[in-house]
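Trainee: This is the structure, below, for whatever I ask next.
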Amino acid sequence: MVVTEIFQSIQGESSYAGRPCIFVRLTGCNLRCRWCDTAYAFYGGTRMTVEEVLERVRAFAGRDGSEASGRIPLVELTGGEPMLQPEIHPLIEKLLGENYTVLIETSGERYLGTLPREVVKIMDIKCPGSGEGGTLHPQNLAALDRKDEIKFVLADEADYGWAREFLRERRLADIVGTVIFSPVFGELEPRQLSEWILRDRLPVRLGLQLHKFIWEPETRGV
4 MVVTEIFQSI QGESSYAGRP CIFVRLTGCN LRCRWCDTAY AFYGGTRMTV
54 EEVLERVRAF AGRDGSEASG RIPLVELTGG EPMLQPEIHP LIEKLLGENY
104 TVLIETSGER YLGTLPREVV KIMDIKCPGS GEGGTLHPQN LAALDRKDEI
154 KFVLADEADY GWAREFLRER RLADIVGTVI FSPVFGELEP RQLSEWILRD
204 RLPVRLGLQL HKFIWEPETR GV
């Protein structure tokens, strides 16, 4: 597989925000969201075997990946788009076999039903303002369950309205345990989004990119 970076940090997004996490950022993406903050992962990267990736993860987490080890048992596969690389399947199986909690952050453009049920799928449904609206695989909502999460990244009020209607029409709160509305950093004010959510009494979680408040927003490897 081709890997852009492997690092440990504080999880900045999802319901796991604030927890120490090991990130495996894979290279390559077939979408070009207007507000993407990881365009550096579109190209380049280093070719690594599954075992080489595992060894890097173990160096951070300890071989058993357990809380008792005093290290980090949480691993997120991200990108880019991790579903583009078939090697993620044996990697996930080995991570699960070593007692890691595995998250995968994905656009949902590729079918997710091939992933093991234990994997926590964090699916980013693209709003029109991203420039990649309408790319959700039609069977992916059926591939999710209560432990999984759906995220909308919102650039403006039009995106908010679109996501609100999608949430209601598809009854997303009945499918997954967590639906996240996240503002595009530097474009949509979190306070404004919060006021819309409160006004409409939506069953969603406000998602802020915590790592961008801890470190400089452009910092890599965090």
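FYI, our numbering numbers position 91 of the sequence shown as 94, with every residue one higher than the one before it. Even glycine gets a Cβ: it sits at the ideal position worked out from N, Cα and C. All values derive from a computational prediction rather than experimental measurement.
Would you report the Cα separation of valine 179 and arginine 59, rounded to the nearest angstrom?
Mentor: In the sequence shown, counting from the first residue as 1, residue 179 sits at position 176. In the sequence shown, counting from the first residue as 1, residue 59 sits at position 56. If you take the alpha carbons of valine 179 and arginine 59, they lie about 31 Å apart.
Trainee: Is glutamate 79 helix, strand or coil by DSSP?
Mentor: Mapped onto the sequence shown, residue 79 falls at position 76. Three-state result, glutamate 79: strand.
Trainee: Out of Ala161, Glu160, Tyr43 and Val182, state which residue places its alpha-carbon closest to the alpha-carbon of leucine 170.
Mentor: The residue labelled residue 170 in the question sits at position 167 within the sequence shown. Of Ala161, Glu160, Tyr43 and Val182, the residue nearest in Cα terms is Val182.
Trainee: Rounded to the nearest angstrom, how far is the Cβ of phenylalanine 184 from that of phenylalanine 155, given a contact under 8 Å?
Mentor: For the purposes of this step, residue 184 is identified with residue 181 of the sequence shown, where counting begins at 1. For the purposes of this step, residue 155 is identified with residue 152 of the sequence shown, where counting begins at 1. Confirmed, about 5 Å.
Trainee: Is it buried or exposed for proline 89, if we count other Cβ within 10 angstroms and need 16 for buried?
Mentor: As a position in the sequence shown, residue 89 is number 86, starting the count at 1. Proline 89 is exposed by the Cβ-count criterion.
Trainee: Is it buried or exposed for glycine 68, if we count other Cβ within 10 angstroms and need 16 for buried?
Mentor: The count along the sequence shown starts at 1 and reaches residue 68 at position 65. Residue placement at glycine 68 cannot be trusted, given a pLDDT of 46 that sits under 50; what the coordinates show is reported in the next sentence. Buried, since its Cβ has 16 or more Cβ neighbours within 10 Å.
Trainee: Is the segment 159-174 touching the segment 125-135 in the sense that three or more CB pairs, one from each, lie closer than 8 Å?
Mentor: Segments in contact, yes.
Trainee: With the cut-off set at 8 Å, would you say isoleucine 125 and glutamate 108 are in Cβ contact?
Mentor: For the purposes of this step, residue 125 is identified with residue 122 of the sequence shown, where counting begins at 1. For the purposes of this step, residue 108 is identified with residue 105 of the sequence shown, where counting begins at 1. Taking 8 Å as the Cβ cut-off, isoleucine 125 and glutamate 108 qualify as a contacting pair.
Trainee: Below 6 Å CB to CB, which residues in the same chain sit around aspartate 162 once its five sequence neighbours on both sides are set aside?
Mentor: Reading the sequence shown from its first residue, position 159 is the one you call residue 162. Hits under 6 Å: Cys130 and Gly132.
Trainee: Quick one: residues in its chain with C-beta nearer than 7 Å to the C-beta of cysteine 36, no 5 flanking neighbours on either side, listed in chain order?
Mentor: Reading the sequence shown from its first residue, position 33 is the one you call residue 36. Excluding sequence neighbours, cysteine 36 sits near Lys129, Ser133, Gly134 and Glu135.
Trainee: Taking the alpha carbon of valine 207 as the point to measure from, which residue in Arg174, Arg50, Asp148 and Ser12 has its own alpha carbon closest?
Mentor: One-based indexing of the sequence shown puts residue 207 at position 204. Taking only the C-alpha atoms, the option nearest valine 207 is Arg174.
Trainee: What would DSSP say about glutamate 221, mapped onto helix, strand or coil?
Mentor: Indexing the sequence shown from 1 puts residue 221 at position 218. Of the three classes helix, strand and coil, the one that applies to glutamate 221 here is coil, per DSSP.
Trainee: Spatial neighbours of glutamate 190 within its chain, please: CB distance less than 8 Å, with the 5 preceding and 5 following residues excluded, ordered by chain position.
Mentor: Here residue 190 is taken as the residue at index 187 of the sequence shown, counted from 1. Excluding positions up to five away in sequence, the list reads Trp38, Ala158 and Asp159.
Trainee: What separation, rounded to the nearest whole angstrom, lies between the Cα atoms of tyrosine 103 and valine 56?
Mentor: On the sequence shown, position 100 is the one that residue 103 refers to. On the sequence shown, position 53 is the one that residue 56 refers to. Going by the C-alpha atoms only, they are around 14 Å apart.
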